[in-house]
Amino acid sequence: MAITSLSRPSRSGSRRGLLPAAMLGVSALLLAGCGAAPEEGGGGSGAETASDAPAVGSDNSDYTGCIVSDAGGFDDRSFNQSSHEGLMAAKEEFGIQHKQAESTSPSDYTPNVDSMLRADCNMIIGVGFLLGDAMKPIAEENPETHFMGVDVTDPDFSDNVKRLVYDTSQASFLAGYLAAGTTETGKVATYGGAEIPTVTIFMDGFAAGVDYYNEQKDADVEVLGWDREAANGSFTGDFENQAAGKTNTTNFINEGADIIMPVAGPVGLGTLDAVTAANSGGKDVKVIWVDSDGYETTDHGELILTSVVKLMGEAVKDVIETDLAGEFDGEPYVGTLENGGVDLAPFHDFDSEVSDEMKSELDEIKAGIIDGSIEVDSDYSPET
């Protein structure tokens, strides 16, 4: 069968703290001001000292890995958190030092990247699509420093930048198919935070998966919040306004949606609040999380049907390892279903509610996407 679906911690309030080591295997002190000099790793994040667990036979204590978050912060239960955990895993395994700068608004991005440069970091990690514009000129002007851009899809970067990009439309396709086969109301929904390619690619794949289910099952499940053909939908405009996420979600529930996928970082926490309120009033609404396994990273695992995960932590750690070995290169890493960079998380509490037939169909579809017999090609897929 073939289809072409478009010619993209350990924190207070988290459910279980850091993602489990198995998830990493598959795959700090915050700056008070924009231009403040960064302090050594440790401090507010509870990170251990650089010499705690050096790599066997190596002394990497003179190597410093540095990370800058986008405005969602390192406790976003999403891509910032996963990337930060990858750096912490590298620190523990290889004995490197670390520094970090947490952005609270887009105006922080360039000053924070600059502060990492002035701190003589060996590797500067910018997390999120929006960090790309800040890193590009700084990387070009400082070719001796290595940079890593997580979710930075612009292909026009200098050779000292390693981009980690993810074709999340593939795993979102599976999520859309699952949602269409699980809904009791015949309506599912998705919305985004900022309207950028790394957000809309999830929405694209999700809607494509619903369409595929409708074609295969002669069904008529409706997607609220995203129109693939028109390429427009519902966005809150940022990754901070949880109240907007709650309002969006409440509106979807009022329209009849019983499965909702927010692609909005911390804004998605507003979705969890809205679903909790709706379910306490007699509804039966479920959530599909993105980027990290929401069952592990939020306080509301009982609402999470599954998550579309990007295994960023392992990729961040791997790039640091290659840099330590003197093997850094500027070729982009593209996470796919085939290489395990993207996937569906387990169904956790809902495992018994997902039929064996659905699980088998998802396995078949995943295999079809990998072998090319099912084409999931979004206009928002990253250029490499």
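Counting in our numbering, the sequence shown runs from 12 upward without gaps.
Glycine included, C-beta positions come from ideal geometry on N, C-alpha and C.
Exposed unless 16 or more other CB atoms sit within 10 angstroms - verdict on residue i
| i | result |
| --- | --- |
| Asp-269 | buried |
| Ser-389 | buried |
| Asn-133 | buried |
| Glu-325 | buried |
| Thr-333 | exposed |
| Asp-119 | buried |
| Lys-328 | buried |
| Glu-266 | exposed |
| Asp-340 | exposed |
| Pro-277 | buried |
| Gly-256 | buried |
| Ala-101 | buried |
| Asn-174 | Going by the sequence as given, residue 174 is Arg instead of Asn. Buried. |
| Asp-170 | exposed |
Residue range of the unbroken beta strand (DSSP E) whose run includes residue i
| i | result |
| --- | --- |
| His-109 | 108-112 |
| Leu-397 | The structure shown does not extend to residue 397, since the chain spans only 12 to 395, so no value can be given for it. |
| Gly-305 | No beta strand (DSSP E) contains Gly-305, which is instead part of the alpha helix (DSSP H) from 305-308. |
| Asp-302 | 297-302 |
| Ser-126 | Where Ser-126 is concerned, there is no enclosing beta strand (DSSP E), although the alpha helix (DSSP H) it sits in stretches over 120-129. |
| Val-161 | 157-161 |
| Val-345 | 344-346 |
CA nearest to the CA of residue i, picked from the options
| i | options | result |
| --- | --- | --- |
| Ile-376 | Asn-259, Tyr-224 and Trp-300 | Tyr-224 |
| Val-345 | Thr-209, Glu-96 and Asp-70 | Thr-209 |
| Pro-273 | Ser-392, Ala-285 and Asn-265 | Ala-285 |
| Thr-201 | Gly-236, Val-319 and Ser-183 | Gly-236 |
| Leu-142 | Ile-207, Gly-293 and Met-99 | Ile-207 |
| Gly-312 | Lys-297, Val-319 and Asp-302 | Lys-297 |
| Val-161 | Gln-108, Met-323 and Leu-355 | Met-323 |
| Ala-221 | Tyr-188, Val-387, Ala-230 and Gly-244 | A small correction: the amino acid at residue 221 is Val; Ala does not occupy that position in the sequence shown. Among Tyr-188, Val-387, Ala-230 and Gly-244, the Cα nearest to that of Val-221 is on Tyr-188. |
| Leu-283 | Ser-303, Asp-302, Thr-261 and Gly-293 | Thr-261 |
| Asp-374 | Val-199, Gln-181 and Ser-116 | Gln-181 |
| Ala-186 | Glu-240, Val-199 and Ser-116 | Val-199 |
| Ala-112 | Glu-104, Phe-105, Gly-106 and Asp-86 | Asp-86 |
| Thr-164 | Arg-88, Asn-171 and Asp-144 | Asp-144 |
| Leu-355 | Glu-364, Phe-361 and Asp-304 | Asp-304 |
| Asn-71 | Ile-107, His-95 and Glu-103 | Ile-107 |
Cα-Cα separation between residue i and residue j, rounded to whole angstroms
| i | j | result |
| --- | --- | --- |
| Gly-204 | Leu-335 | 36 Å |
| Asn-123 | Gly-76 | 14 Å |
| Ser-392 | Lys-321 | 14 Å |
| Val-232 | Ile-264 | 15 Å |
| Tyr-177 | Met-369 | 25 Å |
| Pro-49 | Ser-126 | Legend: pLDDT at Pro-49 = 43, less than 50; position of this residue unreliable, no value from coordinates given. |
| Ile-212 | Ser-183 | 8 Å |
| Thr-258 | Asn-290 | 15 Å |
| Leu-316 | Ile-380 | 22 Å |
| Ile-149 | Phe-246 | 30 Å |
| Arg-239 | Phe-217 | 10 Å |
| Ser-93 | Glu-195 | 32 Å |
| Glu-307 | Gly-97 | 16 Å |
| Gly-36 | Gly-352 | Per-residue confidence for Gly-36 stands at a pLDDT of 38, beneath the threshold of 50, marking its modelled position as unreliable; the derived number appears in the next sentence. Those two C-alpha atoms are separated by around 11 Å. |
| Thr-121 | Met-146 | 7 Å |
| Asp-310 | His-359 | 14 Å |
| Arg-88 | Met-214 | 19 Å |
Boundaries (first-last residue) of the alpha helix (DSSP H) holding residue i
| i | result |
| --- | --- |
| Leu-185 | 179-193 |
| His-359 | His-359 -> no alpha helix (DSSP H), and no H or E assigned at all. |
| Gly-256 | 253-265 |
| Tyr-223 | 208-228 |
| Lys-370 | 367-382 |
| Phe-90 | 90-105 |
| Leu-335 | 323-335 |
| Glu-233 | That residue, Glu-233, is in no alpha helix (DSSP H); its beta strand (DSSP E) goes 233-235. |
| Ile-270 | Looking at the DSSP string, Ile-270 is not in any alpha helix (DSSP H); the run it does join, the beta strand (DSSP E), is 270-274. |
| Gly-203 | Careful: Gly-203 lies outside any alpha helix (DSSP H), inside the beta strand (DSSP E) at 198-203. |
| Ile-149 | 143-152 |
| Gly-137 | Where Gly-137 is concerned, there is no enclosing alpha helix (DSSP H), although the beta strand (DSSP E) it sits in stretches over 134-138. |
| Gly-279 | 279-291 |
Checklist entry - With contact counted as at least three CB pairs below 8 Å, one residue from each stretch, are the region 244-252 and the region 68-82 in contact? => result yes
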